[in-house]
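Per the UniProt record's numbering, the sequence shown starts with residue 1, numbered consecutively. We treat Cβ as the ideally placed atom computed from N, Cα and C, and that holds for glycine. Computed from a predicted model, the values in this text were never measured in an experiment. All remarks here apply to the structure that follows.
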Amino acid sequence: MRTLDPRQIFEQSALEVRGDGKAGGGLVLAFQSLAALFSSLPNMHVQEWPFFSSARRGANIRSFLRVSSKPIDVGCEVTRPVITLLMDEVTGKTVDFALGVPHGGTFVLNTRRTPEECAKHFHLSGRVMTVPGDDIGTRFLKHPIGNVSAYVAMTEAIGGLEFETVVGTFLGQLKKRRIPDVLLERNREALYATKEAIQVGEFDEARPGDHATTVFSGYGELPIGAQTRLRLSQTNHTAAFARSGFRLLFNDPNLSCTGCSHCITNCPEGIIRFQPDEARGVLVTGADVSAFCKLCGECIAVCPEKLFTEGKYEEVWEDTVTEEARS
């Protein structure tokens, strides 16, 4: 398997890049910074734009980027990117971030997992780069946001860029947003820490038909991130809006539910489970968090008995367990 060279591609035609993440996760800033970086170079032509729906913070969004040393004469969305970014593992459960990527493409993932684990789980063939961006964000910015690390990893994936220029461009984008100097310095530290944290590997795990593009995706299917009150989309489930690493929990071992029904009436997704009860009227028994719970916190806020909480949760990738781990 031959890994595709991004530098060679944008010198001959146009390098196409696509990113998948969540609204509010910093994906747009990362792509805007990439566009600004290449726009500052001589004789470079750049296109960059995001796609997102009217949904709340946490909804799936996409960003697109084209870079070329020649004029770009197309304006459609990127469907066959050479480089693709996954900003959030939860997004990867409902969106095929590797869709349309050719054999030998580059996959950048914001995750604690190794490139080998990601290649096996998502069936990737090409160069796989991982970086624990959320951990770096928590360490330096006191917030689990991975756009700083994703931006650096993308520049490393493209290659041939001076790191000081990479850092200066990102900080310049933050200055446009009037970020305080103290936070600018923390972002600078996060940028340098990311460069040392990136892991890279080349793998050939894709099966025949994996990540192949289709002309027709089904009646009622909507663009990435879009959803309607009728829930026509079978892939854009609002459960993907929830913060990564957390899940709604319900615990009532002593049957303390008063039957007030506040959680039932306030839940915007209608996922509260309950049953008739002679004494209370209704007895809440739990919540269906599999597809539509977006951790809005309404049930947590209104429950007088505090039966709903938000707990940490990490999905186990059974298919990535190594032989060494099994033994």
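Proximity to SER125 across ARG2, LYS312 and ARG7 peaks at ARG2, based on C-alpha coordinates. Judged by beta-carbon spacing, VAL17 lies beyond the 9 Å limit of MET129, meaning their Cβ atoms are not closer than that value. At a Cβ-Cβ threshold of 9 Å, VAL302 and HIS262 count as neighbours. Between the alpha carbons of LEU295 and ALA242 lies a gap of roughly 5 Å. Contiguous alpha helix (DSSP H) elements confined to the region 108 to 148 occur at 115 to 122 and 133 to 141, taking only those with 4 or more residues. Taking a 10 Å sphere around the C-beta of VAL182, we find fewer than 16 other C-beta atoms and assign the residue as exposed.
It is roughly 8 Å from the alpha-carbon of ALA23 to the alpha-carbon of PHE52.
Counted as a single uninterrupted DSSP element, the beta strand (DSSP E) harbouring ALA287 occupies residues 281 to 287. Residue nearest to VAL28 within the set ASN60, GLY75, GLU298 and ARG188 is ASN60 (criterion: CA-CA distance). About 5 Å separates the beta carbons of SER63 and PRO50, which is inside the 8 Å limit, making them a contact pair.
Judged by DSSP secondary structure, HIS45 falls outside any alpha helix (DSSP H) and instead within the beta strand (DSSP E) spanning 45 to 51. Going by beta carbons, PHE107 and ILE145 fall outside the 9 Å limit. Contact between ARG80 and GLY100 holds: their C-beta atoms lie close to 4 Å from each other, under 8 Å. Between the C-alpha atoms of ALA157 and ARG247 there is a straight-line separation of about 33 Å.
In summary, ARG207 is exposed, with fewer than 16 beta-carbon neighbours lying within 10 Å of its beta-carbon over all protein chains present.
LYS22 sits in a strand when the DSSP states are folded into three classes. Segment contact: the region 33 to 41 against the region 158 to 169, three or more CB-CB distances shorter than 8 Å; contact assigned. Each of CYS293, GLU305 and LYS306 was checked against the Cα of VAL90, and the nearest Cα belongs to CYS293. For LYS70, no beta strand (DSSP E) encloses it, and the DSSP letter there is neither H nor E.
Straight-line measurement puts the Cα of HIS211 at about 29 Å from the Cα of ASP135. With contacts defined by Cβ atoms closer than 9 Å, LEU307 and CYS257 form a contacting pair. The C-beta distance from GLY160 to ARG66 rounds to 17 Å, too long to meet the 8 Å contact threshold. CA-CA distance, GLY75 to LEU15, rounds to 13 Å. Around the beta carbon of ASP20, 16 or more other beta carbons sit within 10 angstroms, so the residue counts as buried. With 16 or more other Cβ atoms inside 10 Å of its own Cβ, TYR151 counts as buried. Here GLU202 is actually not in contact with ARG280; their C-beta atoms are around 60 Å apart, not less than 8 Å. Distance between VAL284 and GLY137, taken at the CA atoms: about 38 Å. Around the beta-carbon of GLY270, fewer than 16 other beta-carbon atoms lie within 10 Å, marking it exposed. LYS312 sits in a strand when the DSSP states are folded into three classes.
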